[in-house]
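> Residue numbers (this note's numbering), protein chains in the order written: chain A, 1 to 226; chain B, 1001 to 1226. Glycine included, each C-beta is placed from N, C-alpha and C at the ideal position. Just so we're clear, the structure is a prediction, and the values are computed from it rather than from any experiment. Have a look at this one.
2 protein chains.
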Amino acid sequence: MPHVYDHPRAALTVDCVVFGFDGGELQALLIRRGLPPFKDTWALPGGFVRVEETLDEAARRELEEENGLRNVFLEQLYTFGSVHRDPRERVVSIAYFALVKPEAVAAATDAAEAKWFPVSDLPTLAFDHAEILTTALSRLRGKLTYQPIGFELLPRKFTLTQLQRLYEAVLGHHLDKRNFRKKVLSLDLLTPLEESRQEGPHRPAQLFRFDPERSDRLKERGFLFE
Amino acid sequence: MPHVYDHPRAALTVDCVVFGFDGGELQALLIRRGLPPFKDTWALPGGFVRVEETLDEAARRELEEENGLRNVFLEQLYTFGSVHRDPRERVVSIAYFALVKPEAVAAATDAAEAKWFPVSDLPTLAFDHAEILTTALSRLRGKLTYQPIGFELLPRKFTLTQLQRLYEAVLGHHLDKRNFRKKVLSLDLLTPLEESRQEGPHRPAQLFRFDPERSDRLKERGFLFE
């Protein structure tokens, strides 16, 4: 096979920002590095891209190998290519972000040296992983304001209070309950269920599920100009 | 320098989707390939990433070398990594999209074998460049509905009619004039100028300029939930 570019080449990695939500705070999954560089420092799950696999396949393989995570919501985030981001040699990293349902959050830490951290209280991270994480958080915040995306972090059935807690955790500040409900319901994204859920001492709260078809329509038409 | 990954490596390229607007249709800048594979086929401007330059630097260098374009709005789009997207060997491409002001549109075609095509009537493209272009168009459409982004395609001073034509060209359909003006002005992104511009036989139309500071505030707070 002829080579198209006979010069030194960067190595390619994938790095995954994995978000989870425990009902209170937004969490990110980190791995403690066993080898230098940055030995014993926390880092994003990830690894080298094999020449025979796609980028998505590499990201999913790493999440499964390192964290036992399968079938998670996964989206390419951004490609990081600063020349000296790896002290050893040129490494370009295609970053992903993953959203994990509460059921899978516990499973993900079965892997040795993997741990969830609240995004408001992260340890020092290896390489440029702090920058990657900040980029992912900013993307998640941005998406939340114009796309129905947060549902991947919730149980399949949820109350409006749970949904509001998630929005507050991601956006990092309190939201007015009445305005929030009005806005969310006006988007016509949720299907009310016959069931309800006991939340505190009040009367049971209605459960909803997310409607992917309505969501697709909303994504297509956008929020502002249509 | 120790090598971190002693296995075959993909070659890395950047490919740029360059959009321009001539007042009527949204245009994309293409280059006719002089060498195989896909010799004589139209393709996106781009080339190999050098091991000592960042990805952004590679994209800007290619746009300048191939199209004489400098100081354009440039944003990373997505990284394309299908295993067989290049028939020769594994090539991963970091795609960018660029927005070019009308003043620069003419200059960009000084390069031999470069040409603007309306996005509604594109030729067959080399590699997976049709997919890259579709992704860029979809990003541009999406952004237009939630971010003040189209202004990079307009002259510095423009009328609301020019702005509406741009939105219509990007979105691909007609917009109601009154609704459009109401929405745009409500975003408080435009600074009215003392000048006006003659448009057809009617009374002169007010000129505006885009206010980047207001835009930053708007980006930060988003449109929907804040």
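1. Over what stretch of residues does the beta strand (DSSP E) that includes K115(A) continue unbroken?
2. By alpha-carbon positions, which one of F1117(B), T1134(B) and K1183(B) ends up nearest to F1080(B)?
3. Secondary structure at V1091(B), three-state DSSP: helix, strand or coil?
4. Going by beta-carbon coordinates alone, are A1010(B) and R1090(B) separated by less than 7 Å?
5. Using a Cβ-Cβ cutoff of 8 Å, what residues of the stretch 70 to 95 of chain A are near chain B? List them in chain order.
6. For T145(A), does the three-state DSSP call read helix, strand or coil?
7. If you draw a straight line from the C-alpha of D1015(B) to the C-alpha of D1006(B), how long is it?
8. Short check: CB of T41(A) to CB of R33(A), under 7 Å?
9. Using the C-alpha atoms, what's the distance from A1028(B) back to V184(A)?
10. Going by C-alpha to C-alpha distance, which of Q1198(B), S1093(B), E1194(B) and Q1162(B) sits closest to E1131(B)?
11. Could you tell me whether the Cβ of P36(A) comes closer than 7 Å to any Cβ of chain B?
12. E213(A) to L1063(B), Cα distance in whole Å?
13. Is V1051(B) close to chain E? Criterion is C-beta to C-beta, closer than 7 Å.
14. Whose C-alpha, out of A1043(B), F1073(B) and N1067(B), is nearest the C-alpha of D1056(B)?
15. Spell out whether any CB of chain B is found under 7 Å from the CB atom of L44(A).
16. Quick check on the burial criterion: 16 or more other C-beta atoms within 10 angstroms. Buried or exposed for Q1198(B)?
17. Identify the contact partners of R9(A) in chain B, using a Cβ-Cβ distance below 8 Å as the criterion.
18. In chain order, what residues of the same chain have a beta carbon less than 8 Å from the beta carbon of E168(A), not counting five sequence neighbours either side?
19. Against chain A, with Cβ distances strictly below 7 Å, would T1135(B) count as a contact?
20. Grouping DSSP H, G and I as helix and E and B as strand, with all else coil, what is G81(A)?
21. Do F1151(B) and F1210(B) come within 7 Å of each other at the CB atom, strictly closer than that value?
22. Report the option in L26(A), F48(A), A43(A) and G20(A) whose CA atom is closest to the CA atom of P1008(B).
23. In whole angstroms, what separates the C-alpha of A1205(B) from that of R1141(B)?
24. Report back the beta-carbon spacing between R1088(B) and P1045(B) to the nearest angstrom; my notes put them in contact at under 8 Å.
25. Quick check: what's the CA-CA separation for V119(A) versus R60(A)?
26. Starting from F1180(B), trace the alpha helix (DSSP H) in both directions and tell me its first and last residue.
27. Shortest alpha-carbon distance to R1070(B) belongs to which of Y1078(B), E1053(B), E1052(B) and V1100(B)?
Let's see:
1. Taking the first residue of the first sequence as 1, we reach residue 115(A) at position 115. It spans A114 to P118 - the beta strand (DSSP E) in which K115(A) sits, taken as one unbroken run.
2. Your numbering for residue 1080(B) matches position 80 in the second sequence. Out of F1117(B), T1134(B) and K1183(B), T1134(B) has the C-alpha closest to the C-alpha of F1080(B).
3. As a working mapping, residue 1091(B) is identified with position 91 in the second sequence. In this structure, V1091(B) counts as strand in the three-state DSSP scheme.
4. Residue mapping note: residue 1010(B) aligns to position 10 of the second sequence, counting from 1. Residue mapping note: residue 1090(B) aligns to position 90 of the second sequence, counting from 1. Cβ atoms of A1010(B) and R1090(B): closer than 7 Å.
5. Q76, Y78, T79, G81, S82, V83, D86, R88, E89, R90, V91, V92 and I94
6. Residue numbering aside, residue 145(A) sits at position 145 when the first sequence is read from its first letter. Note: T145(A) maps to helix in three-state DSSP.
7. Taking the second sequence and counting its residues from 1, one reaches residue 1015(B) at position 15. Taking the second sequence and counting its residues from 1, one reaches residue 1006(B) at position 6. Near 27 Å, if we compare the C-alpha coordinates of D1006(B) and D1015(B).
8. Position 41 of the first sequence, counted from the first residue, corresponds to residue 41(A). Position 33 of the first sequence, counted from the first residue, corresponds to residue 33(A). A contact, by the Cβ cut-off of 7 Å.
9. Mapped onto the first sequence, residue 184(A) falls at position 184. Mapped onto the second sequence, residue 1028(B) falls at position 28. Between V184(A) and A1028(B), the C-alpha separation is close to 38 Å.
10. Translated into positions along the second sequence, residue 1131(B) becomes position 131. Considering only alpha carbons, the answer is S1093(B).
11. Stepping through the first sequence from its first residue, residue 36(A) is reached at position 36. It does not: the Cβ of P36(A) has no partner Cβ on chain B nearer than 7 Å.
12. Mapped onto the first sequence, residue 213(A) falls at position 213. Mapped onto the second sequence, residue 1063(B) falls at position 63. If I take the Cα positions, the gap works out to 40 Å.
13. Here chain E cannot be found, since the structure's protein chains are A and B.
14. The residue labelled residue 1056(B) in the question sits at position 56 within the second sequence. Nearest option by C-alpha distance: F1073(B).
15. Numbered from 1 along the first sequence, position 44 holds the residue referred to as residue 44(A). No, L44(A) lies away from the interface with chain B (no Cβ there is under 7 Å from its Cβ).
16. For the purposes of this step, residue 1198(B) is identified with residue 198 of the second sequence, where counting begins at 1. Under this definition Q1198(B) is an exposed residue.
17. Start at 1 with the first residue of the first sequence, and residue 9(A) comes out as number 9. Result: R1009, A1010, A1011, L1012 and V1051.
18. Position 168 of the first sequence, counted from the first residue, corresponds to residue 168(A). Same-chain partners within the cutoff: H174 and L175.
19. What you label residue 1135(B) is simply residue 135 of the second sequence in a count that begins at 1. Not closer than 7 Å to any Cβ of chain A, the Cβ of T1135(B) fails to qualify, so no.
20. Numbered from its first residue, the first sequence carries residue 81(A) at position 81. DSSP places G81(A) in coil when its eight states are reduced to three.
21. Numbered from 1 along the second sequence, position 210 holds the residue referred to as residue 1210(B). Numbered from 1 along the second sequence, position 151 holds the residue referred to as residue 1151(B). Yes, they are a contact pair.
22. Taking the second sequence and counting its residues from 1, the one referred to as residue 1008(B) is at position 8. Closest by alpha carbon: F48(A).
23. Start at 1 with the first residue of the second sequence, and residue 1205(B) comes out as number 205. Start at 1 with the first residue of the second sequence, and residue 1141(B) comes out as number 141. If you take the alpha carbons of A1205(B) and R1141(B), they lie about 26 Å apart.
24. On the second sequence, position 88 is the one that residue 1088(B) refers to. On the second sequence, position 45 is the one that residue 1045(B) refers to. About 19 Å separates the two Cβ atoms, so there is no contact after all.
25. Locating residue 119(A) in the first sequence gives position 119, where the first residue counts as 1. Locating residue 60(A) in the first sequence gives position 60, where the first residue counts as 1. Answer to the nearest angstrom: the Cα atoms are 22 Å apart.
26. The residue you call residue 1180(B) lines up with position 180 of the second sequence. Segment K1177 to S1186, the alpha helix (DSSP H) holding F1180(B).
27. What you label residue 1070(B) is simply residue 70 of the second sequence in a count that begins at 1. With distances taken between Cα atoms, R1070(B) lies closest to V1100(B).
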